[in-house]
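In the working numbering, the protein residues as written are 46 to 690.
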């Protein structure tokens, strides 16, 4: 019958389909660049038609037996068979070597390499791919992260490591070593990597300070290729430690350090990027003193200030990122000492003080062409607008809640110069909806359209980030005007949504219940959901705002996209189909109103402004994204929402 027929196509030795047609793209098709002849095309099309018929039969059987795992596996095999054989009709069966090289290069710069991911897998797609990969040694220069344990000598790992080192030839290496133990320098894996230290280009090490000190005589003066260094150092409490393993590295340009405190010896004068997270200043003083080439500086500290910086000019810094966690360390003393004439990107975070005046002083003193500003400090009335008056070139601005006075000053008024006229991107970390935000955005769009002034541009991106999904949804209701409805009717419809949500979430997140408990849950959930679904199916919405304000469309969309097995078994398939039917019933009403919508959910806690000129408004997929949101998280997100209520 149908089941045996398709299985034979996929698994048996079938001359009808398998010869001369390949059953897998990874074996023959990737190495074959010609078009199939007419006889082959006919057999391919015949196989595709047969498989499509099989899919139809399996789907009908699944409707009657939605929990049959065998049918589900059969369906997946049918679809896989179709994908493979439809691919045989593609005009290109083998990627040119030039494209393969780009793919392999992308694998080589993977920020999170591991043994089970590229390049190992990609290089073995076919014989052709393997030949190209072996002729491209750069791809083998990234050593996947290894966590050292003295209890495991890593014999299996060493075999693969040696093969990787052989394939990489003399290419620079990227290594990543970590351990929670002490005295791991003598581990065989570490010793092998030490023998290749002259090839290290990027080194990431998360080790104890003792092990890093033990490396000094083994690698010092041998780091001729080292360009980027990232250290996370475990330091014993209150111990004065000196670390000089990397003090001689002629090509070293980028350093990241994460530790409580250590006396770090580095070639500071040649660094262009420095990132520090520390309890006490580790290298930032040296950077300020001697690093004349530094262009990127990030400093995150819990240090208590015990010194003052002398006035200095850092002529090459373009990106400056400061994060102060100590209540007594606002960063004012650091800011008041600096002049940064090349600064284009400034980020400051301090939860225990306002640095508005200090930032203004830095900007005025430096006369810098600041383009990006991120400031998260205690609010100061009119402070943020005051900063914007001194940053006429600003294109991107991230901040906390804008108070009402700031919002009013950002309004664009015809005949008056605008504050931050070039502002294209605004990101606000908000605790509550800002009613005046719509007026401000509309005014700036209108100003840009009317004046056509090159000095005044329309904002391209406005984003609001909230602490949780409840705050985000409430803000969307305010900004879209959904909160001005008949409260009694709105509460009834919201109650329907909450009841359905509660039953689905209870089912989806059921814990270690026994079979009897699950059966009872299924009966109860099925009954209650049936009642609520029938209510929704018989109700006709006259005002789309009630759909939006209740969030019922979001829930039905998620239920319709949920796998069958995640829903109550008694009517699992029916609930999903009924949810989809409700969404389809509401779509005309929702689509007819989409031109009035300007705030789209992008994830559970983020709102994104959608201007009238957005390309999302010109496709059905884009309009549905505006209506239902993007990356909403499925029913798990509703569980979080329910727990928070």
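Heads up, the beta-carbon is just placed ideally off N, CA and C, and yes, glycines get one too. Owing to the predicted nature of the structure, the values given are computational and were not obtained by experimental measurement.
Rounded Cβ spacing between residue 145 and residue 174 (contact assumed at less than 8 angstroms): In the chain shown, counting from the first residue as 1, residue 145 sits at position 100. In the chain shown, counting from the first residue as 1, residue 174 sits at position 129. Rounded, the Cβ-Cβ distance is 6 angstroms, consistent with contact.
query: In whole angstroms, what is the alpha-carbon distance linking residue 452 and residue 288?
result: The residue labelled residue 452 in the question sits at position 407 within the chain shown. The residue labelled residue 288 in the question sits at position 243 within the chain shown. Their Cα atoms are separated by approximately 50 angstroms.
- request: In the DSSP assignment, find the beta strand (DSSP E) that holds residue 318 and state where it starts and stops.
  value: As a first step, residue 318 is located in the chain shown; it is residue number 273 there, counting from the start. Start and end: 318-323.
- prompt: On the three-pair Cβ rule with 8 angstroms, is the stretch 254-271 touching the stretch 221-239?
  reply: yes
query: Rounded to the nearest angstrom, how far is the Cβ of residue 343 from that of residue 369, given a contact under 8 angstroms?
result: Residue mapping note: residue 343 aligns to position 298 of the chain shown, counting from 1. Residue mapping note: residue 369 aligns to position 324 of the chain shown, counting from 1. Actually they do not touch by this definition, with Cβ atoms about 12 angstroms apart.
message: Which complete alpha helix (DSSP H) runs does the stretch 445-476 hold, if anything under 4 residues is left out?
response: 449-454
For residue 606, three-class secondary structure by DSSP: To locate residue 606, count along the chain shown from 1; it is residue 561. Three-state result, residue 606: coil.
task: Could you say if the stretch 117-132 and the stretch 88-108 meet the contact criterion of at least three C-beta pairs nearer than 8 angstroms?
output: yes
- request: For residue 560, name the three-state secondary structure that DSSP assigns.
  value: Stepping through the chain shown from its first residue, residue 560 is reached at position 515. A caution first: residue 560 carries a pLDDT of 49, below 50, which makes its placement in the model unreliable, though a value can still be read off. The answer is helix: DSSP assigns residue 560 an H, G or I state.
Reference residue 293; option with closest CA among 659, 104 and 274: By one-based count along the chain shown, residue 293 stands at place 248. Nearest option by C-alpha distance: 274.
query: DSSP on residue 272, reduced to helix/strand/coil?
result: Along the chain shown, read from residue 1 onward, the residue named residue 272 stands at position 227. The answer is coil: DSSP assigns residue 272 none of H, G, I, E or B.
- prompt: If you compare alpha carbons, which of 458, 457, 430 and 438 is closest to residue 448?
  reply: Taking the chain shown and counting its residues from 1, one reaches residue 448 at position 403. Comparing Cα-Cα distances from residue 448 to each of 458, 457, 430 and 438, the minimum goes to 430.
field: Beta-carbon contacts of residue 381 that lie in its chain and below 7 angstroms, excluding the five residues immediately before and after
entry: Within the chain shown, numbered from 1, the residue matching residue 381 stands at position 336. Around residue 381: 403 and 406.
query: Would residue 517 be called buried (16 or more neighbouring beta carbons within 10 Å of its own) or exposed?
result: Locating residue 517 in the chain shown gives position 472, counting from the first residue. By the 10 Å Cβ count, residue 517 comes out buried.
- request: Please work out which residues of its chain come closer than 6 angstroms, Cβ to Cβ, to residue 520, disregarding the five sequence neighbours upstream and downstream, and give them in chain order.
  value: Numbered from its first residue, the chain shown carries residue 520 at position 475. Here the set comprises 478.
task: Could you work out which residue in 432, 392 and 629 is closest to residue 599 when comparing CA atoms only?
output: The residue given as residue 599 occupies position 554 in the chain shown. Selected option, being the one with the closest Cα: 629.
query: Under the three-state reduction of DSSP, which class applies to residue 236: helix, strand or coil?
result: Taking the first residue of the chain shown as 1, we reach residue 236 at position 191. Three-state result, residue 236: helix.
task: Could you tell me if residue 110 is buried or exposed, where buried requires 16 or more neighbouring beta carbons within 10 angstroms of its beta carbon?
output: As a first step, residue 110 must be located in the chain shown, where it is residue number 65. Burial call: exposed.
task: Using the Cα positions of residue 572 and residue 544, report the straight-line distance between them to the nearest angstrom.
output: Position 527 of the chain shown holds residue 572. Position 499 of the chain shown holds residue 544. Computed Cα separation, rounded: 12 angstroms.
- prompt: Taking Cβ positions, are residue 504 and residue 469 nearer each other than 8 angstroms?
  reply: Residue numbering aside, residue 504 sits at position 459 when the chain shown is read from its first letter. Residue numbering aside, residue 469 sits at position 424 when the chain shown is read from its first letter. The answer is yes: Cβ separation under 8 angstroms.
- prompt: Which same chain residues, not among the five before or five after residue 510, have their C-beta less than 6 angstroms away from its C-beta?
  reply: The sequence position of residue 510 within the chain shown is 465, counting from 1. Result list for residue 510: 474 and 651, in chain order.
Limits of the unbroken beta strand (DSSP E) element including residue 218: Within the chain shown, numbered from 1, the residue matching residue 218 stands at position 173. Start and end: 218-223.
Cα-Cα separation between residue 466 and residue 633, rounded to whole angstroms: Counting from 1 along the chain shown, the entry for residue 466 is found at position 421. Counting from 1 along the chain shown, the entry for residue 633 is found at position 588. The alpha-carbon atoms of residue 466 and residue 633 are separated by roughly 39 angstroms.
task: Would you kindly report the start and end of the unbroken alpha helix (DSSP H) that includes residue 144?
output: Here residue 144 refers to the residue found at position 99 of the chain shown. 142-153 is the span of the alpha helix (DSSP H), which, as asked, contains residue 144.
- prompt: Below 8 angstroms between beta carbons: does that hold for residue 277 and residue 303?
  reply: In the chain shown, residue 277 corresponds to position 232, counting from 1. In the chain shown, residue 303 corresponds to position 258, counting from 1. Yes.
task: Let me know if residue 602 comes out buried or exposed under the rule of 16 or more other beta-carbons within 10 Å of its beta-carbon.
output: Numbered from its first residue, the chain shown carries residue 602 at position 557. Residue 602 comes out buried.
message: Assuming residue 527 and residue 590 are in contact, meaning their beta carbons sit under 8 angstroms apart, how far apart are those beta carbons, in whole angstroms?
response: Here residue 527 refers to the residue found at position 482 of the chain shown. Here residue 590 refers to the residue found at position 545 of the chain shown. At roughly 5 angstroms, the Cβ-Cβ gap stays under 8 angstroms, so residue 527 and residue 590 are in contact.
task: Would you list the one or two residues that DSSP bridges to residue 303?
output: To locate residue 303, count along the chain shown from 1; it is residue 258. 277 and 322, per the DSSP bridge assignment.
Contact between the stretch 654-673 and the stretch 528-535 (3+ Cβ pairs under 8 angstroms): no
Residues near residue 581 in its chain [Cβ-Cβ closer than 7 angstroms; skip 5 each side]: Translated into positions along the chain shown, residue 581 becomes position 536. Within the same chain, residue 581 has close Cβ partners 541 and 627.
message: By the DSSP assignment, the beta strand (DSSP E) with residue 392 in it spans what residues?
response: Taking the chain shown and counting its residues from 1, one reaches residue 392 at position 347. Run containing residue 392: 390-395, per the beta strand (DSSP E) assignment.
- prompt: Which same chain residues, not among the five before or five after residue 596, have their C-beta less than 7 angstroms away from its C-beta?
  reply: One-based indexing of the chain shown puts residue 596 at position 551. Taken in chain order, the residues that qualify are 518 and 542.
task: Would you mind sorting residue 194 into buried or exposed? The rule is 16 or more other CB atoms within 10 Å of its CB.
output: The residue given as residue 194 occupies position 149 in the chain shown. So residue 194 counts as exposed.
message: Would residue 270 and residue 217 be called neighbours here (beta carbons separated by less than 8 angstroms)?
response: Here the question's residue 270 lines up with position 225 in the chain shown. Here the question's residue 217 lines up with position 172 in the chain shown. Yes, Cβ-Cβ distance for residue 270 and residue 217 is below 8 angstroms.
- request: Would you mind reading off the limits of the beta strand (DSSP E) that contains residue 92?
  value: In the chain shown, residue 92 corresponds to position 47, counting from 1. Run containing residue 92: none in the beta strand (DSSP E); it sits in the alpha helix (DSSP H), 83-109.
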